[in-house]
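Asks: Input: one structure, supplied below.
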Amino acid sequence: MKKDELDKSFTDRLKRLVRSHQTMLGDGHRNKLLYEALKDNVSEKTRFLDIGAGTGVWAIIAAKLGAKRVVAVEIEECLVPIIYKHAKENGVADRIEIIQGNSDDVRIRGKFDLIVSELFGSDVFGEQTIKSFINIRKRFLAKNGTLIPQIMEKYAVPVRTKRNVQNLPAELPIKCSFIDSLKSNFHDSLPLSQRGEIEVLAEPKKLLEVDFRKDEKPPASKNLSCSWKLKDLSKVNAFAVYNRSVFTDEIKMDTFDSQSWRSAVFNFQPVEEKSGEIEFAVTLDPGRLHWKISLPSHPKSRVQIYSPGHAAAGIKMAQEATPYRKF
């Protein structure tokens with residue numbers, strides 16, 4: 010790769026990193042809860058380790074709270090000087106050890122009483138995340154030490170969304186239903202800024218959880234299901250799925266209310282039935298994602314199944330049946 014291409018690649022990556030970390034720094038809900046968790050667990054005797062330190066805020070907070078030792082580990086090399094600059098700005102640069110590298114590979118002297126790690130990326134419950142936490146726990150966590158987060162849970166809840174309800178194409182006297190049928194096979198993401206566009210219709214229910222303190226393997230992510238009894242089934246047109254991060258026994262954060270995380274929205278065709286039971290089943294394996302909507306209280310009703318694979322198959326079948334010229 011030529012120098013100008015390398016420079017552009019670095020600049021583009023830095024741009025993405027700066028934007029994503031600005032979003033996290035601006036997430037007051039998350040910051041406040043995690044700050045409270047640190048205040049409850051950091052003392053002058055605490056040896057503190059931040060894995061995936063990002064811009065260094067939690068290492069800086071731990072140092073300012075008086076932690077005995079503070080180590081910040083970050084894999085992204087261009088974030089390392091940001092950690093140092095922020096630590097210097099807050100007068101604790103001489104109290105934070107900065108290490109650049111993958112948490113699975115780094116060598117660090119000693120054990121730690123408190124470890125904060127947000128290594129989640131897009132696969133919070135995946136095999137690599139669990140392996141990383143097992144590695145962190147076994148190599149670095151002191152006896153009776155604390156991991157933050159302790160537990161991650163995933164919830165589902167029936168909702169009515171105002172999004173994607175208009176007929177397409179807008180303001181034109183024609184129909185384009187095929188692309189709409191394809192779109193229904195892809196779930197949406199819901200940023201906090203659009204949270205007001207959905208109405209929650211029942212209490213959330215847990216789909217799965219992982220306990221980072223003791224689990225040795227990822228939880229099953231196939232055929233997860235929950236059901237709800239509702240007075241008006243016809244109001245539901247989607248299920249929202251979100252995570253709950255358990256920082257401590259007392260401090261928990263729903264990603265539904267967080268600017269840093271996006272909830273997933275699984276849309277479906279509304280049913281005509283009124284009162285009864287509705288069941289949402291989903292397989293979350295990245296290569297096998299699909300979801301199913303059924304009405305156990307109305308056994309003759311149609312079961313709806315959606316999947317990105319269905320959309321791909323539909324396009325291939327339509328392509329074979331389409332008369333066209335290709336150059």
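Counting along the sequence shown from 1, when you hit position 229 you're at 238 in our numbering, and nothing is skipped either side.
We treat Cβ as the ideally placed atom computed from N, Cα and C, and that holds for glycine.
#1: Output the boundary residues of the alpha helix (DSSP H) element that contains Asn232.
#2: Per the DSSP calculation, Leu217 is bridged to which residue(s)?
#3: Going by DSSP, which residues form a beta bridge with Phe57?
#4: Would you check if there are 3 or more beta carbon pairs closer than 8 Å linking the segment 183-192 to the segment 254-265?
#5: Take the Cβ of Ala71 as the centre, count every other Cβ of all protein chains shown within 10 Å, and call the residue buried at 16 or more, exposed below.
#6: Just confirm the distance between the C-beta atoms of Ile60 and Ile160, as a whole number of angstroms; I'd bet it's less than 8 Å.
#7: Between which two residues does the alpha helix (DSSP H) harbouring Gly37 extend?
#8: Along the chain, where does the alpha helix (DSSP H) containing Arg148 start, and where does it finish?
#9: The alpha helix (DSSP H) that contains Trp67, what's its start and end?
#10: Where do the ends of the beta strand (DSSP E) carrying Glu106 lie?
#11: Would you call the segment 224-235 in contact with the segment 285-300, where contact means no fewer than 3 C-beta pairs closer than 8 Å?
#12: Could you give the residue range of the alpha helix (DSSP H) that holds Asp189?
#13: Should Glu83 go down as buried or exposed, given a rule of 16 or more other Cβ atoms within 10 Å for buried?
#14: In terms of DSSP beta bridges, what is Ser236 paired with?
#15: Helix or strand or just coil, what does DSSP make of Tyr93?
#16: Kindly give me the distance between the Cβ atoms of Gly205 and Leu242, rounded to whole angstroms, as I take these residues to be in contact under 8 Å.
#17: For Val101, count neighbouring C-beta atoms within 10 Å of its own C-beta (all shown protein chains included) and say buried if the count is 16 or more, exposed if not.
#18: Kindly indicate which residue of Val66, Pro178, Phe121 has the alpha-carbon position closest to the one of Lys94.
Replies: Judging by the given coordinates:
#1: Position 223 of the sequence shown holds residue 232. Element bounds for Asn232: n/a, residue is neither H nor E.
#2: Here residue 217 refers to the residue found at position 208 when the sequence shown is read from its first residue. Note: Leu217 sits in a beta bridge opposite Lys163.
#3: In the sequence shown, counting from the first residue as 1, residue 57 sits at position 48. Looking at the DSSP output, Phe57 sits in a beta bridge with Val79, Leu123.
#4: no
#5: The residue labelled residue 71 in the question sits at position 62 within the sequence shown. Ala71 comes out buried.
#6: Here residue 60 corresponds to residue number 51 of the sequence shown, with the count starting at 1. Here residue 160 corresponds to residue number 151 of the sequence shown, with the count starting at 1. Not quite, the Cβ-Cβ distance comes to about 17 Å (not below 8 Å), so this is no contact.
#7: Residue numbering aside, residue 37 sits at position 28 when the sequence shown is read from its first letter. Residues 37-50.
#8: Residue numbering aside, residue 148 sits at position 139 when the sequence shown is read from its first letter. Counting along the chain, Arg148 sits inside the alpha helix (DSSP H) bounded by residues 136-149.
#9: By one-based count along the sequence shown, residue 67 stands at place 58. Segment 66-73, the alpha helix (DSSP H) holding Trp67.
#10: For the purposes of this step, residue 106 is identified with residue 97 of the sequence shown, where counting begins at 1. Element bounds for Glu106: 105-109.
#11: The way I'd put it, the segment 224-235 does touch the segment 285-300; three or more beta-carbon pairs between them come closer than 8 Å.
#12: Residue mapping note: residue 189 aligns to position 180 of the sequence shown, counting from 1. Residues 186-192.
#13: Here residue 83 refers to the residue found at position 74 when the sequence shown is read from its first residue. Glu83 should be labelled buried.
#14: The residue you call residue 236 lines up with position 227 of the sequence shown. Ser236 is bridged to Glu288.
#15: Translated into positions along the sequence shown, residue 93 becomes position 84. Helix, per DSSP.
#16: For this step, residue 205 is matched to residue 196 along the sequence shown. For this step, residue 242 is matched to residue 233 along the sequence shown. About 23 Å separates the two Cβ atoms, so there is no contact after all.
#17: Taking the sequence shown and counting its residues from 1, one reaches residue 101 at position 92. So Val101 counts as buried.
#18: Taking the first residue of the sequence shown as 1, we reach residue 94 at position 85. Nearest of Val66, Pro178, Phe121 to Lys94, Cα basis: Val66.
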